[in-house]
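In what follows, a single structure is set out as structure tokens and then discussed.
Protein chains: 2
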Amino acid sequence: VDLGYNLKEKIDMAAGRRKSELVLKNASIVNVFTQEILKGDIALAGDIIVGIGNYEGEKEIDLKGGFAAPGFIDGHMHLESTMVLPSELSAVLLARGTTTVVADPHEIVNVCGIDGIRFIMDQAKKSLLDIFIMLPSCVPATPHDSPGARFDETDMEKLVCEDRVLGLGEFMDFKGVVEGRSDVLKKLKLFRGGKIDGHAPGLSGKALNAYAVAGIRTEHEAGSVEEMLEKLRLGFYILIREGSAAKDLKTLVNGVNSGNMRRCVFCTDDRHLDDILAEGHIDNNIRMAVEAGIDPAAAIAMATLNTAECYGLNDRGAIAPGYLADIVVLEDLKNFKINMVFKSGKITVGNKGWTAGSGRDADVPEWLRNTVRLGSISKDMLDMEMCGPEANIITLVPGSLATVKAVRKVSTENGLFICKEKSDPVKLAVMDRHRASGNIGLGLLDGFGIRCGAIASTISHDSHNLIVTGDNDTDMLLAAEELGSCGGGITICSSGKVLKTLPLPVAGLMSLKPFMEVEQDLIQMLAIARSLGIPYNIEPFMTLSFLALTVIPEIRLTEKGLFDVIQDNYINYCRT
Amino acid sequence: VDLGYNLKEKIDMAAGRRKSELVLKNASIVNVFTQEILKGDIALAGDIIVGIGNYEGEKEIDLKGGFAAPGFIDGHMHLESTMVLPSELSAVLLARGTTTVVADPHEIVNVCGIDGIRFIMDQAKKSLLDIFIMLPSCVPATPHDSPGARFDETDMEKLVCEDRVLGLGEFMDFKGVVEGRSDVLKKLKLFRGGKIDGHAPGLSGKALNAYAVAGIRTEHEAGSVEEMLEKLRLGFYILIREGSAAKDLKTLVNGVNSGNMRRCVFCTDDRHLDDILAEGHIDNNIRMAVEAGIDPAAAIAMATLNTAECYGLNDRGAIAPGYLADIVVLEDLKNFKINMVFKSGKITVGNKGWTAGSGRDADVPEWLRNTVRLGSISKDMLDMEMCGPEANIITLVPGSLATVKAVRKVSTENGLFICKEKSDPVKLAVMDRHRASGNIGLGLLDGFGIRCGAIASTISHDSHNLIVTGDNDTDMLLAAEELGSCGGGITICSSGKVLKTLPLPVAGLMSLKPFMEVEQDLIQMLAIARSLGIPYNIEPFMTLSFLALTVIPEIRLTEKGLFDVIQDNYINYCRT
Chain S
209 VDLGYNLKEK
219 IDMAAGRRKS
229 ELVLKNASIV
239 NVFTQEILKG
249 DIALAGDIIV
259 GIGNYEGEKE
269 IDLKGGFAAP
279 GFIDGHMHLE
289 STMVLPSELS
299 AVLLARGTTT
309 VVADPHEIVN
319 VCGIDGIRFI
329 MDQAKKSLLD
339 IFIMLPSCVP
349 ATPHDSPGAR
359 FDETDMEKLV
369 CEDRVLGLGE
379 FMDFKGVVEG
389 RSDVLKKLKL
399 FRGGKIDGHA
409 PGLSGKALNA
419 YAVAGIRTEH
429 EAGSVEEMLE
439 KLRLGFYILI
449 REGSAAKDLK
459 TLVNGVNSGN
469 MRRCVFCTDD
479 RHLDDILAEG
489 HIDNNIRMAV
499 EAGIDPAAAI
509 AMATLNTAEC
519 YGLNDRGAIA
529 PGYLADIVVL
539 EDLKNFKINM
549 VFKSGKITVG
559 NKGWTAGSGR
569 DADVPEWLRN
579 TVRLGSISKD
589 MLDMEMCGPE
599 ANIITLVPGS
609 LATVKAVRKV
619 STENGLFICK
629 EKSDPVKLAV
639 MDRHRASGNI
649 GLGLLDGFGI
659 RCGAIASTIS
669 HDSHNLIVTG
679 DNDTDMLLAA
689 EELGSCGGGI
699 TICSSGKVLK
709 TLPLPVAGLM
719 SLKPFMEVEQ
729 DLIQMLAIAR
739 SLGIPYNIEP
749 FMTLSFLALT
759 VIPEIRLTEK
769 GLFDVIQDNY
779 INYCRT
Chain Y
209 VDLGYNLKEK
219 IDMAAGRRKS
229 ELVLKNASIV
239 NVFTQEILKG
249 DIALAGDIIV
259 GIGNYEGEKE
269 IDLKGGFAAP
279 GFIDGHMHLE
289 STMVLPSELS
299 AVLLARGTTT
309 VVADPHEIVN
319 VCGIDGIRFI
329 MDQAKKSLLD
339 IFIMLPSCVP
349 ATPHDSPGAR
359 FDETDMEKLV
369 CEDRVLGLGE
379 FMDFKGVVEG
389 RSDVLKKLKL
399 FRGGKIDGHA
409 PGLSGKALNA
419 YAVAGIRTEH
429 EAGSVEEMLE
439 KLRLGFYILI
449 REGSAAKDLK
459 TLVNGVNSGN
469 MRRCVFCTDD
479 RHLDDILAEG
489 HIDNNIRMAV
499 EAGIDPAAAI
509 AMATLNTAEC
519 YGLNDRGAIA
529 PGYLADIVVL
539 EDLKNFKINM
549 VFKSGKITVG
559 NKGWTAGSGR
569 DADVPEWLRN
579 TVRLGSISKD
589 MLDMEMCGPE
599 ANIITLVPGS
609 LATVKAVRKV
619 STENGLFICK
629 EKSDPVKLAV
639 MDRHRASGNI
649 GLGLLDGFGI
659 RCGAIASTIS
669 HDSHNLIVTG
679 DNDTDMLLAA
689 EELGSCGGGI
699 TICSSGKVLK
709 TLPLPVAGLM
719 SLKPFMEVEQ
729 DLIQMLAIAR
739 SLGIPYNIEP
749 FMTLSFLALT
759 VIPEIRLTEK
769 GLFDVIQDNY
779 INYCRT
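The listed protein sequences correspond, in order, to chains S and Y. Here the numbering used here runs 208 ahead of the position in the first sequence, where the first position is 1. Here the numbering used here runs 208 ahead of the position in the second sequence, where the first position is 1.
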């Protein structure tokens with residue numbers, strides 16, 4: 209219950225003429241304005257902090273010298289990648305000290321269009337976690353993609369003035385920007401002078417200048433210190449990402465120094481629920497940064513004040529009078545064990561100790577639960593005729609979303625590719641699941657390691673068609689059919705049997721279950737995946753889900769076929 | 209002429225597909241994002257920078273390794289204090305590298321109300337210099353003041369959505385804020401979540417927390433490192449001021465470190481034209497900071513990016529693609545000699561080499577030139593009856609706006625104060641000049657040093673009544689009459705003669721003359737003032753103009769009498 213003190217009452221409490229509603233006594237406060245740790249009490253009233261110093265409260269909690277940091281802010285994430293509903297995720301992230309996220313809901317929009325954003329906004333209203341929205345800029349991600357819905361500047365105009373909307377989401381179609389394509393310019397102009405997120409892996413030199421001139425001011429795809437520094441110098445905030453598959457932090461943290469720290473921000477981008485529960489969310493970025501030698505107060509500023517500045521969230525990101533009472537109480541500044549979390553003055557205690565309310569099923573409209581339309585599929589659709597002995601192979605890079613285009617000989621039988629030798633790649637297929645067109649793209653994948661089975665998912669960025677990989681057609685077909693019948697999700701099949709399925713009926717992306725159950729399912733499925741040979745340096749589900757994303761080099765697969773990102777065109781999987 | 213390239217054309221230039229309009233070749237660019245000095249070309253098109261790197265232009269200027277810094281931003285200034293019209297001042301400040309100012313036009317508003325702001329806005333439109341407005345929050349400055357006009361929340365509402373309006377100006381009535389007075393709260397609520405400037409010298413502890421809770425986020429009155437650090441920690445941006453009378457920089461610069469630098473900003477507040485022309489404007493702050501040991505790139509960031517962030521000016525404060533082409537070309541990073549200045553891509557060359565256009569007189573409406581209404585004044589109005597041997601004396605503190613309340617014996621004759629001994633203070637009088645009421649306040653002043661004469665001014669913050677000081681009534685009366693007849697200004701009289709007058713007919717605050725003439729007048733008048741005994745550590749006109757300002761400790765004089773700022777009430781000048 210927000211007691212809703214008025215400004216006069218808050219001033220009275222700050223001035224000490226009246227007891228504050230709640231005082232956190234004896235805190236070691238992380239001051240992000242000055243990068244100091246300072247002793248003091250924190251006085252709260254309603255949803256804000258009213259005073260720092262020596263205060264008395266109607267209620268008091270003695271922190272006994274415990275560290276108090278501002279609530280963490282994730283500068284860029286896709287809520288849908290956690291596979292639970294936002295109202296459910298709220299509990300998970302708050303327990304990890306994240307009190308605000310800047311979300312780009314482009315997954316659900318690729319499936320459902322503007323209605324998907326409205327659903328996320330409704331969910332956001334029910335969440336204690338503050339969820340802000342960057343409007344998806346690239347649905348479809350590029351002209352080469354075939355999502356379930358489109359979202360253009362006409363749709364954006366309908367939402368641009370909504371409270372939670374901060375700006376325009378990651379402009380993944382960086383080629384369109386650099387070329388100055390007219391449909392791209394229309395979107396950019398709508399947000400001119402505002403917040404526009406970038407996504408331009410490897411972009412450099414004059415092309416990067418062109419991307420900056422367009423008004424794009426953040427980047428979360430920098431892959432090296434050199435790339436990071438070039439982008440910082442041109443005015444981009446660098447969002448240092450530690451996701452489930454994309455793990456940039458250990459590299460980029462080497463580029464942070466006292467001169468550029470204010471322009472460095474943390475994000476997770478795409479991070480699975482199990483990783484959040486096991487390792488953490490933004491607290492994990494902080495912990496890793498401190499381990500790598502960043503001063504704890506600076507690391508916390510990168511997770512709070514810097515993000516708030518980057519997105520113009522002037523009411524948060526610091527423990528100071530007038531700021532939102534978003535406070536994380538930490539046991540120390542090394543392990544960053546979280547003892548308490550306050551969001552807008554409300555207490556949320558400890559990891560996994562807080563669960564979301566009931567009534568989740570009822571909140572999800574029927575049309576959102578019925579989005580997988582595969583059409584009829586048959587085994588022969590998976591046949592890969594080889595026009596020559598060599599193939600273009602999508603090769604994974606562990607710890608990165610990037611792939612490499614390898615060229616080598618593969619096994620064939622009756623002119624068709626067959627996964628026979630240990631050195632052979634496996635098949636990868638992307639099937640249209642939005643319009644039941646029967647469209648299917650086929651390719652070869654190396655480094656995934658699966659044998660005697662198949663894994664399929666309706667999470668496949670950004671169009672979220674059905675993606676399936678395996679060493680045999682029987683299991684691949686079975687996996688696809690399983691997802692077609694359960695409304696989407698992730699499944700693993702082996703030797704003609706479905707081993708386990710995680711249904712994700714909400715747009716084929718999110719579960720209706722409580723996060724604890726989803727976590728257990730994911731842990732079991734990960735163990736099953738490992739048992740089929742997927743190596744420990746590959747996160748199978750996240751990795752699979754990015755293989756259709758045509759904006760990350762070098763080579764991808766869509767329902768139209770194999771796509772060379774560098775050449776910006778479709779290519780054959782076999783070479784003559 | 210802004211060639212008005214569209215976004216597509218700018219992207220084409222950035223991408224190198226088309227020559228840029230203008231390229232500054234071989235610059236040593238001060239990168240405020242990373243605090244580095246980096247070699248490169250700066251490509252411009254229209255009013256913005258399109259690229260940094262290796263560029264070709266339709267026109268090219270070889271900087272031959274010269275340093276290029278972003279245009280400087282003054283975070284807080286009163287344009288009127290320069291005594292020239294904003295359209296005229298534009299030339300002066302641009303030549304000093306200042307390309308943007310955040311102005312609080314509360315001087316003219318104290319005289320003319322909302323029409324005064326509209327006049328400043330009209331002037332701003334004609335200026336190449338970018339002038340942003342913080343709406344005056346305290347007109348009258350406190351309930352104790354008697355200005356010519358009032359400006360309340362109803363007036364503010366009419367202007368709050370204007371393009372140039374950034375927020376609410378310095379809330380000098382800090383007592384009203386800390387008490388939570390209802391008229392104060394109305395104003396604060398109108399700007400809630402926005403930019404609100406502070407002004408709270410010496411405010412500390414719980415009272416300072418109350419001031420912060422009210423949403424006030426800047427402070428330019430910190431007088432010591434200790435005060436600065438307390439305010440930084442509570443979330444205030446610290447504006448480090450170097451004005452004509454208030455010189456805080458040498459002290460405060462000792463409090464700047466790499467942890468808090470981003471929250472430190474430069475301003476001038478009140479700086480006279482002659483000081484700007486002789487020593488500089490924000491360039492002077494930078495030069496002094498570097499002399500005191502601040503890294504040049506950091507000092508430049510404090511003058512540019514930090515100020516832009518503080519006031520939410522996202523389009524400026526850095527040399528980067530997409531940013532306004534506000535560029536200062538410097539000979540070195542020690543003396544900061546300015547060789548060239550670009551404002552919005554337009555070149556402005558060198559100090560004093562650029563004068564404003566003609567037609568200034570025509571631009572100033574008649575009502576604005578006729579604001580001094582003194583009524584009839586006579587010598588006996590200056591009589592100071594002494595009820596006892598001791599007096600409360602306003603004592604100046606060199607280099608500061610603060611005054612000290614001294615108590616000691618003074619000379620009398622027939623029961624009236626007389627300035628006879630060398631140790632005697634001089635008389636100070638403040639006369640209503642708005643309503644011809646004949647109201648007059650009398651006090652005694654020590655440290656000003658004037659003998660055989662009087663100085664009067666219609667600049668007397670913030671009510672801008674007529675203030676006059678001197679050692680004899682004849683010259684004081686003459687000085688007041690002189691200003692009454694010329695529409696306001698500054699005058700010096702001695703031995704019954706007017707030695708020199710600088711007429712300031714625009715609201716009694718600003719001249720209609722070109723800045724060069726005003727400067728010459730000021731230099732001559734300063735020499736005359738010195739010849740009357742005013743010591744070299746006192747800037748006579750600025751010092752005089754602050755003696756009526758009831759918000760700066762310890763003791764002031766208004767047309768109602770002697771005011772004790774600490775006790776917050778009027779007191780007698782004599783003690784029984």
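Don't be surprised by glycine CBs; every beta carbon is placed ideally from N, CA and C.
Discussion item. Could you compute how far the alpha carbon of S/Leu-336 sits from the alpha carbon of S/Ser-298?
Written reply: 6 Å
Practice prompt. Determine whether the Cβ of Y/Lys-227 lies closer than 8 Å to any Cβ atom of chain S.
Written response: no
Item to complete: Would you kindly work out how many angstroms separate the C-alpha atoms of Y/Gly-565 and Y/Asn-492, rounded to a whole number?
Response: Confidence is the limiting factor: at Y/Gly-565 the pLDDT is only 42, short of 50, which leaves the residue's position unreliable, though a coordinate-based value still follows. Roughly 26 Å between the two C-alpha positions.
Discussion item. Can you tell me whether S/Ile-404 is buried or exposed? The criterion is at least 16 other CB atoms within 10 Å of its CB, across all chains shown.
Written reply: With 16 or more other Cβ atoms within 10 Å, it is buried.
Item to complete: Kindly indicate which residue of S/Gly-697, S/Met-469 and S/Leu-653 has the alpha-carbon position closest to the one of S/Thr-677.
Response: S/Leu-653
Discussion item. Can you look up Y/Ser-432 in the DSSP assignment and give me helix, strand or coil?
Written reply: coil
Worksheet item: Quick one, which of S/Val-368, S/Ile-502 and S/Asp-679 has its alpha-carbon nearest S/Lys-395's?
Response: S/Val-368
Worksheet entry | Span of the beta strand (DSSP E), counted from its first residue to its last, around S/Arg-764 | 763-766
Worksheet entry | Test: Y/Lys-216 CB closer than 8 Å to a CB of chain S | yes
Discussion item. Which residues of the region 391-419 of chain Y have a Cβ closer than 9 Å to any Cβ of chain S? Give them in chain order.
Written reply: Leu-393, Leu-396, Lys-397, Arg-400, Gly-401, Gly-402, Lys-403, Gly-413, Lys-414, Ala-415, Leu-416, Asn-417, Ala-418 and Tyr-419
Worksheet item: What's the call for Y/Pro-597, buried or exposed, on a 16-neighbour Cβ count within 10 Å?
Response: exposed
Worksheet item: Roughly how many angstroms lie between the CA atoms of Y/Leu-393 and Y/Cys-346, to the nearest whole one?
Response: 12 Å
Practice prompt. Figure out for me which residue from Y/Val-536, Y/Leu-541 and Y/Asp-540 has the closest Cα to the Cα of Y/Thr-556.
Written response: Minimum Cα distance to Y/Thr-556 is reached at Y/Val-536.
Item to complete: Give a yes or no on contact between the region 230-246 of chain Y and the region 254-266 of chain Y, applying the rule of three or more CB pairs nearer than 8 Å.
Response: yes
Item to complete: Would you mind telling me which residues of chain S sit closer than 7 Å to Y/Glu-517, beta carbon to beta carbon, in chain order?
Response: Glu-517
Worksheet entry | From Y/Glu-517, Y/Met-592, Y/Asn-578 and Y/Cys-660, residue whose alpha carbon lies closest to that of Y/Thr-666 | Measuring C-alpha to C-alpha distances from Y/Thr-666 to each of Y/Glu-517, Y/Met-592, Y/Asn-578 and Y/Cys-660 identifies Y/Asn-578 as the nearest.
Discussion item. If contact is defined by three or more beta carbon pairs under 8 Å, each pair taking one atom from either stretch, is the region 730-740 of chain S in contact with the region 302-317 of chain S?
Written reply: no
Worksheet entry | Residue span of the beta strand (DSSP E) that contains Y/Tyr-419, given as start and end | Unbroken run through Y/Tyr-419 is the alpha helix (DSSP H), 413-421; no beta strand (DSSP E).
Worksheet item: Can you tell which of S/Ile-546, S/Gly-356 and S/Leu-460 has its C-alpha closest to the C-alpha of S/Glu-434?
Response: Measuring from the Cα of S/Glu-434, the nearest candidate turns out to be S/Leu-460.
Item to complete: Closer than 7 Å by beta-carbon distance: list the chain S residues that pair up with Y/Asn-522, in chain order.
Response: Those within 7 Å of Y/Asn-522 in chain S are Gly-401.
Worksheet item: Going along chain B in order, which residues have a C-beta closer than 9 Å to the C-beta of S/Phe-474?
Response: Looking at the structure shown, chain B is missing, and the protein chains on hand are S and Y.
Discussion item. On the criterion of 16 or more Cβ atoms from any shown chain inside 10 Å, does S/Asp-391 qualify as buried, or is it exposed?
Written reply: By the neighbour-count rule (16 or more Cβ atoms within 10 Å), S/Asp-391 is not buried but exposed.
Worksheet item: Buried or exposed: Y/Pro-355, going by 16 or more other Cβ atoms within 10 Å of its Cβ?
Response: buried
Worksheet item: Using a C-beta cutoff of 8 Å, does Y/Tyr-781 count as contacting chain S?
Response: no
Worksheet item: From S/Ile-774 to S/Glu-762, what distance separates their C-alpha atoms?
Response: 6 Å
Worksheet item: Just curious, the alpha helix (DSSP H) that S/Thr-751 is in, first and last residue?
Response: Where S/Thr-751 is concerned, the enclosing alpha helix (DSSP H) starts and stops at 748-753.
Worksheet entry | Nonlocal neighbours in the same chain, by C-beta distance under 7 Å from Y/Ala-644, ignoring five residues either side | Arg-581, Leu-582 and Gly-583
Worksheet entry | Below-8 Å beta-carbon distance, Y/Gly-501 vs any chain S residue | no
Fill in: DSSP state of Y/Gly-463 mapped onto helix, strand, coil
helix
Worksheet entry | Counted within 10 angstroms of its Cβ, other Cβ atoms place S/Ala-251 as buried (16 or more) or exposed | buried
Practice prompt. Scan the region 428-452 of chain S for residues whose Cβ lies nearer than 8 Å to a Cβ of chain Y and list them as they occur along the chain.
Written response: Leu-437, Leu-440, Arg-441, Leu-442 and Gly-443
Practice prompt. Check each residue of the region 249-279 of chain Y: if its Cβ is closer than 7 Å to any Cβ of chain S, include it; give the result in chain order.
Written response: Val-258, Gly-259, Ile-260 and Gly-261
Worksheet entry | Residues, ordered as in the chain, of the region 454-484 of chain S that lie near chain Y by beta-carbon distance below 7 Å | Cβ contacts with chain Y come from Ser-466, Gly-467, Asn-468, Arg-470 and Arg-471.
Discussion item. Assess contact between the region 442-453 of chain Y and the region 418-425 of chain Y, defined as three or more Cβ pairs (one per stretch) separated by less than 8 Å. Is contact present?
Written reply: yes
Item to complete: Apply the 10 Å Cβ neighbour rule to Y/Thr-784 and answer buried if 16 or more other Cβ atoms are within range, or exposed otherwise.
Response: exposed
Worksheet entry | Length of the line joining the Cα atoms of Y/Glu-767 and Y/Arg-471 | 39 Å
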